[in-house]
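Structure first, then comments.
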Amino acid sequence: MLTVGDLPQRELAARLAGPGLVLRTGPFANRIRSDVPQLATGIGLLYADYPVDEPGGFADFHLSLQRAGGLRRLLRPQVHFDYEGVAPFQPLPLAHAYPMFEWVMNWCVSHRAHSYLILHAAVLERHGRAVVLPAPPGSGKSTLCAALVTRGWRLLSDEMTLVSLDNGSVLPLPRPVSLKNQSIGVIRAFAPDAVLSTPVEKTAKGTIAHLKAPAESIARAAEPARPAFIVFPRYEAQAPISLRPLPKARAFMGVAENAFNYQVLGARGFGALGALIDATTAFEFRYSKLDEAVQLFERLAKDGA
Amino acid sequence: MWRVVPGQSLAFREWDEEAVLYNDLSGGTHLLDGAAVDVLLALRAGPADAAALAERLAGRFEADTDELRAMIEDMLAGLARLDLVEPYPC
């Protein structure tokens, strides 16, 4: 199977600038067209292990990120995005092209992939047990997710958990893990060998860098996982580590609040979320030290309780 | 007299004395006490007032009839605010 890493950099840039790079991420094929050099570099680094299809192949999503034309391009280089001819985002400075690409990839799934219940949650697996981490921004979800990934957990997703509407299993969508501000240095110190993109400063979310997903997680992207735990994480400086059971009905409401399309799916979403809650044990988790958090998660996945 | 609002299928899941219920009319989901679900299910059998519901549910709660009726009246008012039940003309 051809991967991005098999393509010479010149071929990668030519596909992006021409007919489009058809990149496979989990269950989706994405046709990406772009004339932005930073994007070719970022994709070459962080998506090297991902399969690519022939340029003319079927794609679920059609993304175009192009440099803005005209005088503005000379004065203030910008990149704009359109999805099948529609532009849902404001143009951004050209230097923000890579983070914008990741946001756009997320946007396509959260706005279009309604054959799944999509949770705003990270999901990882270890010892055959998947742990779902639903959380709003600022909870430390991505930092915790990145730390677990660097300690051998299988990454299913950092940002979007895809729950099957049929059987409550979780479908992998492993993509680079988004790290913000201080988290970038924290993960560099925690896992010095981890591959991170060059940080991009002054984005709408502050400084952003992405952690490369493990090759093994990408290779297992067609293999669903059985959810065993739902853990609502919260980072709190100096807080002692704590894991408190959360009643199932409350966990249901907490997950629904962190879903992208629960309302859109109506009764089907209610059924799928009920199945997920049935299959899992839920906790509220507070932490301040990553080492302690990783040890606790290891015990949770190993012992199952 | 009260009845379940027509169109509400009362899809719910209950765990540990708490329930979540899907509201077919608003598309929302409500977190309810398990007892409120008991009231809804009792009402699904047919329109009733709080006194009749208290009789139907007497076996499920440890409360005297007056206390139970007052509790059910409060619950019905709360369920009406969620558009799950409504007054039913006698």
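Heads up: the sequence lines are chains B and Y, in that order. Numbered as in my numbering, the first sequence ends at 305 without a single skipped number. Numbered as in my numbering, the second sequence ends at 395 without a single skipped number. No residue lacks a Cβ here, since even glycine has one placed at the ideal position from N, Cα and C.
Burial is judged here by how many other beta carbons sit within 10 angstroms of a residue's own beta carbon; P99(B) has at least 16 and is buried. Taking 8 Å as the upper bound for CB-CB distance, S110(B) and M160(B) are in contact here, some 6 Å apart. If you draw a straight line from the Cα of G254(B) to the Cα of V231(B), it comes to about 10 Å. Listed along chain Y is no residue with a C-beta nearer than 7 Å to that of A228(B); the closest approach is about 17 Å.
If you draw a straight line from the Cα of R220(B) to the Cα of L179(B), it comes to about 23 Å. One thing to note: R299(B) has its Cβ no nearer than 9 Å to the Cβ of E236(B). In chain order, G168, R226, P227, A228 place their CB closer than 8 Å to the CB of A279(B), counting only its own chain and leaving out the 5 sequence neighbours on each side. With the rule of 3 Cβ pairs closer than 8 Å, the segment 31 to 47 of chain B counts as touching the segment 78 to 98 of chain B. For the pair D354(Y) and V344(Y), the Cα-to-Cα distance works out to about 11 Å. At a cut-off of 9 Å, the C-beta of D53(B) has no neighbouring C-beta in chain Y. For T370(Y), the uninterrupted alpha helix (DSSP H) segment begins and ends at 370 to 386. Contact of E319(Y) with chain B is assigned, a C-beta pair being separated by under 9 Å.
Selection F366(Y), L315(Y), E360(Y), T334(Y) evaluated against R349(Y) yields L315(Y) as nearest (Cα-Cα). The alpha-carbon separation between E201(B) and D82(B) amounts to approximately 23 Å. Taking all protein chains shown into account, V86(B) has fewer than 16 neighbouring C-beta atoms within 10 Å of its C-beta and is therefore exposed.
Of all residues in the segment 255 to 274 of chain B, only A256, Q263, G266, A267, F270, G274 come within less than 7 Å of chain Y when Cβ atoms are compared, listed by chain position. In this structure, the CA atom of G332(Y) is about 15 Å from the CA atom of L384(Y). Comparing alpha carbon positions, the residue from G266(B), F297(B), G271(B), F283(B) closest to D329(Y) is G266(B). Proximity to L296(B) across V79(B), S64(B), V264(B), P233(B) peaks at P233(B), based on C-alpha coordinates. In the displayed model, I187(B) falls within a helix according to three-state DSSP. Nearest to D379(Y) by alpha-carbon distance, out of C395(Y), D338(Y), G351(Y), is D338(Y).
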